[in-house]
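Student: Have a look at this one.
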Amino acid sequence: MSKSKLCVSALALSLMLGFAPAHAAEFKIGAEIPLSGNLARVGTAMNEGIQVAAEMFNKKSGKHSVKIITMDDESSPAKAVGAVEKLAADGVVAYTGGYGSNIIGPASEAAEKLGKVYVTSGGVASELTKRNLKTFFRINSSEGYARALMGMFNKQGVKSVAVVYSTKEATEEVAKMLQSGLGPQGVKVTMHAFDPATNDFKPIIHKIKLQDRPDAIAMIGYENDYVGILRAAKVLKPDIKTIAGVWSLATAKMAAEFPDLMENVSGTSTLSYPAEFTTPEAKEFAETYQKMFNKAPDYLGIFGYVQSKLLFEAVARAADTGTVDKGGIATEMRKTLSDTVIGKVRFDESGDNPEFTHRMGQHQAGKVVLVWPSDAATGTMKYPAVPW
Amino acid sequence: MLELTLQSLFSGVLSGAYYALIALGLALVFGTMRVINLAHGELVLLGAYISYTAEEKLGLDPLASLPLALAVVVGTAILVYYLVSLIKTDRELNSLILTFGIGVILTNGVLMIWSADIHSATTPWYHDATILFETLFAMQAELVFAGIGILLVGAVWWWLEKSWYGRALRAVASNRDAAKLMGVNPQLTEILSFAVSGLLATVAGVAIYTAKVIQPAMGHHLTVKAFIITVLAGMGSVPGVLLGAVLLGVVESLTVTLASSALQELAGMVLFLVVLLLMPSGLFGRAKRRG
Numbered sequence: 001m002s003k004s005k006l007c008v009s010a011l012a013l014s015l016m017l018g019f020a021p022a023h024a025a026e027f028k029i030g031a032e033i034p035l036s037g038n039l040a041r042v043g044t045a046m047n048e049g050i051q052v053a054a055e056m057f058n059k060k061s062g063k064h065s066v067k068i069i070t071m072d073d074e075s076s077p078a079k080a081v082g083a084v085e086k087l088a089a090d091g092v093v094a095y096t097g098g099y100g101s102n103i104i105g106p107a108s109e110a111a112e113k114l115g116k117v118y119v120t121s122g123g124v125a126s127e128l129t130k131r132n133l134k135t136f137f138r139i140n141s142s143e144g145y146a147r148a149l150m151g152m153f154n155k156q157g158v159k160s161v162a163v164v165y166s167t168k169e170a171t172e173e174v175a176k177m178l179q180s181g182l183g184p185q186g187v188k189v190t191m192h193a194f195d196p197a198t199n200d201f202k203p204i205i206h207k208i209k210l211q212d213r214p215d216a217i218a219m220i221g222y223e224n225d226y227v228g229i230l231r232a233a234k235v236l237k238p239d240i241k242t243i244a245g246v247w248s249l250a251t252a253k254m255a256a257e258f259p260d261l262m263e264n265v266s267g268t269s270t271l272s273y274p275a276e277f278t279t280p281e282a283k284e285f286a287e288t289y290q291k292m293f294n295k296a297p298d299y300l301g302i303f304g305y306v307q308s309k310l311l312f313e314a315v316a317r318a319a320d321t322g323t324v325d326k327g328g329i330a331t332e333m334r335k336t337l338s339d340t341v342i343g344k345v346r347f348d349e350s351g352d353n354p355e356f357t358h359r360m361g362q363h364q365a366g367k368v369v370l371v372w373p374s375d376a377a378t379g380t381m382k383y384p385a386v387p388w
Numbered sequence: 001m002l003e004l005t006l007q008s009l010f011s012g013v014l015s016g017a018y019y020a021l022i023a024l025g026l027a028l029v030f031g032t033m034r035v036i037n038l039a040h041g042e043l044v045l046l047g048a049y050i051s052y053t054a055e056e057k058l059g060l061d062p063l064a065s066l067p068l069a070l071a072v073v074v075g076t077a078i079l080v081y082y083l084v085s086l087i088k089t090d091r092e093l094n095s096l097i098l099t100f101g102i103g104v105i106l107t108n109g110v111l112m113i114w115s116a117d118i119h120s121a122t123t124p125w126y127h128d129a130t131i132l133f134e135t136l137f138a139m140q141a142e143l144v145f146a147g148i149g150i151l152l153v154g155a156v157w158w159w160l161e162k163s164w165y166g167r168a169l170r171a172v173a174s175n176r177d178a179a180k181l182m183g184v185n186p187q188l189t190e191i192l193s194f195a196v197s198g199l200l201a202t203v204a205g206v207a208i209y210t211a212k213v214i215q216p217a218m219g220h221h222l223t224v225k226a227f228i229i230t231v232l233a234g235m236g237s238v239p240g241v242l243l244g245a246v247l248l249g250v251v252e253s254l255t256v257t258l259a260s261s262a263l264q265e266l267a268g269m270v271l272f273l274v275v276l277l278l279m280p281s282g283l284f285g286r287a288k289r290r291g
């Protein structure tokens, strides 16, 4: 290379460097999440989605990047608050994560006091968005779960439902939404609350079998509750037409672990199994997830991904306007209007996503088929159909 | 209503036998050493996870996995004893702190090795229904382990009352120095007590894995349940454990049927408080002094 060409190249390079973004930066994001304790499984799954979101964002973003600093809240509200404060001391600009309404509540209030955005999908209780917090955001809600269950029961034409629900805050809320939504439609609803420590469901199912005699049983609980309820139902065989539940039920993991219990059971689900990803973003998400964790993504990972992606984009926009430390992230979050892999997301003044409505999936021959709503269905709903 | 109540009583008795299996190991160690092993629930959990691994990796039936689970859990129980034996002062209080810490380590060890997913036995036979007298329903696993539980409670009681080693255990609990003068090796008998406690925890763990669901965080809850039954029974009383466990199971089950399932745990605690108010030493308080 001649001397003149070398000089021109050096000049060009220095000009390019000179025009490089002046404020390109790496932003620390706090992931406050349960990786141990009784919420460890769901927290771990959500955390995987957060890591995928960071990987994809950093790969695409030519300007800003994010670094996730993860702290285990050990499924404890007090430790979650401690984690939020410690992460702030470590210089994070916002938080993603959180699981369990009772944990998210105090943790997000601590984030509010620090003036930092807290985004989650792990707590659906209405109380969370009734606190008028300026920095709290959530992509899903109890209403979305209840709407999906009611939609499926309406399509099936069931006349009576026995609701078996855990007395935890979020589960009780969904159960009561189901009761208040189905009752006025002329559907007879009977309610059976159970303590979260319950492990023998035969007395409840026997009561339902002999006294309620419903068309359907709705299970509002968690994985271990579903297994207990379905085992009891398999023993007592109540004369029902369908059995359905909410989160962590219509999943690949439940299909693989409990094949004898899951056939024909329905539950809220963001995607079918095997997953059918159609949009380019969803395909990239699935490929990245598979590469990073050597398994197919589940719905908790998808929620973790979506909430984090929206946060990272808001941080980047706030950085461009120089308002990261001046409340700009919350302002940018409120401007969100995005068609994500869980559907449309926008945030109202309370930080809730009014667009959220879940889908219903049904276990069929080792797969999860989406059966409601019709425009998202990937197969035909089996009704009447039970696992025994 | 009669059918509902009968089924409720039956379910309560089956739950009681399973509770007794969990609680007996804790009661035995307290009865013989005056040590409340707060890691007992985690030993139960460890037994359950070994059974899960044996079924998952080796295709073993949960009952056939018992020898493997026994080796691991009894070994761990003896290790717990060794750590407890290092305490030189105020053993009753310091052992509480130590065993609580061991429980936390075991829970996190289970979490690291097996992840946070829930698991349960996949052998369908255990989950099939057995119908007695055309009205009483039970899972076959519940009947199997209720039978094993009652047999084990009886065997431990017989062993403590009739065998030389059983008497030696009670002698050490009653007066360690006097027992030594009578030719009893206190260390050996205490190790034996922890080993038998580990055996009972193993069977309880396999029972839970077979009939119910396991997850890493459940150890603490199992310890609390075992502690309630042990106090209800009269600290250290072996026959009291069976009665206390069945009573607790029946009260919980009847509460679900006659009132609300949300009150099930509360009813158990009310029973606990009522018994302690009326009988401060528990149902078999005198048995405590006899070991």
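Just so you know, the protein sequences line up as chains A and B, in that order.
For the first sequence, the UniProt record's numbering puts the final residue at 388, and the numbers step up evenly by one.
For the second sequence, the UniProt record's numbering puts the final residue at 291, and the numbers step up evenly by one.
Quick reminder that beta carbons are idealized off the backbone N, C-alpha and C, glycines included.
It should be emphasised that the depicted structure is a prediction, and the values quoted were computed from it without experimental measurement.
What runs of the alpha helix (DSSP H), each 4 residues or longer, lie entirely inside the region 284-365 of chain A?
Tutor: Runs found: 299-320, 328-334.
Student: Under 8 Å, with one C-beta from each stretch per pair, do the region 206-225 of chain B and the region 144-156 of chain A reach the 3-pair mark?
Tutor: No, the region 206-225 of chain B does not touch the region 144-156 of chain A.
Student: With a 10 Å radius around its C-beta and 16 neighbouring C-beta atoms as the bar for buried, classify A/W372 as buried or exposed.
Tutor: Counting Cβ neighbours within 10 Å, A/W372 comes out buried, since at least 16 surround it.
Student: Anything in chain A within Cβ reach of B/K180, meaning under 9 Å, just list it in chain order.
Tutor: Under the 9 Å cutoff, chain A gives no residues; its nearest Cβ is about 43 Å from B/K180.
Student: The beta strand (DSSP E) spanning A/R138 covers which residue range?
Tutor: Here the beta strand (DSSP E) through A/R138 covers 136-138.
Student: List the DSSP bridge partners of B/T99.
Tutor: DSSP, once it has assigned bridges, lists no residue as partnering B/T99.
Student: Does residue 342 of chain B come within less than 8 Å of chain A when only Cβ atoms are used?
Tutor: Any question about residue 342 of chain B goes unanswered here, given that chain B covers just 1 to 291.
Student: Comparing C-alpha positions only, which one of B/V13, B/L93, B/R34, B/R176 sits nearest to B/S237?
Tutor: For B/S237, the nearest C-alpha among the options comes from B/R34.
Student: Taking only the alpha-carbon atoms, compute the straight-line gap between A/P21 and A/A318 and give it to the nearest angstrom.
Tutor: Caution applies to A/P21, whose pLDDT of 45 falls short of 50 and renders its modelled position unreliable; the model cannot decide the point.
Student: Helix, strand or coil: which one does DSSP assign to A/K28?
Tutor: Here A/K28 sits in strand by DSSP.
Student: Does the distance from the C-beta atom of B/G41 to that of B/H220 stay below 8 Å?
Tutor: Yes, Cβ-Cβ distance for B/G41 and B/H220 is below 8 Å.
Student: State the start and end residues of the unbroken alpha helix (DSSP H) segment that holds B/V270.
Tutor: Here the alpha helix (DSSP H) through B/V270 covers 264-278.
Student: Just the C-alpha distance for A/A31 and B/L58, rounded to the nearest angstrom, thanks.
Tutor: So the alpha carbons of these two residues sit roughly 38 Å apart.
Student: Which residue from B/G16, B/A171, B/V104 puts its Cα closest to that of B/I43?
Tutor: Looking at the sequence provided, one finds Leu at residue 43 of chain B rather than Ile. Of B/G16, B/A171, B/V104, the residue nearest in Cα terms is B/V104.
Student: Taking DSSP as the reference, what is the three-state secondary structure of A/D73?
Tutor: Coil at A/D73, not helix or strand.
Student: Any contact between the region 178-185 of chain B and the region 61-80 of chain B? By contact I mean 3 or more CB pairs, one from each, below 8 Å.
Tutor: Touching, no, given that fewer than three Cβ pairs across the two stretches are closer than 8 Å.
Student: In this structure, how does DSSP classify B/H40 when only helix, strand and coil are distinguished?
Tutor: Helix, per DSSP.
Student: Could you work out which residue in A/K237, A/I29, A/D90, A/F303 is closest to B/D128 when comparing CA atoms only?
Tutor: Comparing Cα positions, the closest option is A/K237.
Student: Apart from the five residues on each side of it in sequence, which residues of its chain come closer than 6 Å, Cβ to Cβ, to B/G149?
Tutor: Hits under 6 Å: A17, A20, L21.
Student: Looking at C-alpha atoms only, which residue of A/Y273, A/S338, A/F201 is the closest neighbour of A/S166?
Tutor: The residue with the shortest Cα to Cα distance from A/S166 is A/F201.
Student: Is any beta-carbon of chain B found at less than 8 Å from that of A/A22?
Tutor: Note that A/A22 scores 43 on pLDDT, short of 50, meaning its location in the model is unreliable; the coordinates nonetheless yield the value given after this. So no, A/A22 is outside the interface.
Student: So if DSSP puts A/I243 in a beta bridge, which residue, or which two residues, is it bridged to?
Tutor: A/I243 is bridged to A/I217.
Student: Go to B/W158, then tell me how far its beta strand (DSSP E) extends in each direction, as first and last residue.
Tutor: Run containing B/W158: none in the beta strand (DSSP E); it sits in the alpha helix (DSSP H), 140-162.
Student: Jot down the residue ranges of each uninterrupted beta strand (DSSP E) in the region 100-150 of chain A, minimum 3 residues, whole runs only, in chain order.
Tutor: DSSP runs (the beta strand (DSSP E)) wholly in the region 100-150 of chain A: 117-120, 136-138.
Student: For A/Y95, which residues of its own chain have a beta-carbon under 6 Å away from its beta-carbon, when the five flanking residues on both sides are left out?
Tutor: Once the five neighbours on either side are set aside, the close Cβ partners of A/Y95 are G30, E32, A111, Y118.
Student: State the beta-bridge partners of B/M112 as determined by DSSP.
Tutor: According to DSSP, which records beta bridges pairwise, B/M112 is partnered with nothing at all.
Student: Can you pull the chain B neighbours of A/A197, defined as C-beta to C-beta under 7 Å?
Tutor: Neighbours of A/A197 on chain B, chain order: H221, E265.
Student: Round the Cβ separation of B/S65 and B/E55 to the nearest angstrom and send it over; I've been treating them as touching at under 8 Å.
Tutor: Going by Cβ atoms, the distance from B/S65 to B/E55 rounds to 6 Å, so yes, they are a contact pair.
Student: Where does B/I118 sit, in a helix, a strand or coil, going by DSSP?
Tutor: Reduced to three states, the DSSP call for B/I118 is coil.
Student: With three or more beta-carbon pairs closer than 8 Å as the criterion, would you say the region 336-345 of chain A touches the region 310-324 of chain A?
Tutor: The answer is yes - the region 310-324 of chain A touches the region 336-345 of chain A, with three or more Cβ pairs under 8 Å.
Student: Within the 8 Å Cβ cut-off, does A/N140 reach chain B?
Tutor: Chain B contact via Cβ: absent.
Student: From B/W157 to A/V163, what does the alpha carbon distance come to, in whole angstroms?
Tutor: Approximately 44 Å, taken between the alpha carbons.
Student: Could you check whether B/L79 and B/I36 sit closer than 8 Å to each other, using their CB atoms as the reference points?
Tutor: Not a contact, by the Cβ cut-off of 8 Å.
Student: Below 9 Å on C-beta distance, what does A/V227 contact in chain B?
Tutor: Ordered by position in chain B, the residues that pass the 9 Å Cβ test against A/V227 are I118, S120, K212, V213.
Student: How is the alpha helix (DSSP H) around B/L181 delimited, first residue to last?
Tutor: Note, B/L181: alpha helix (DSSP H), 176-181.
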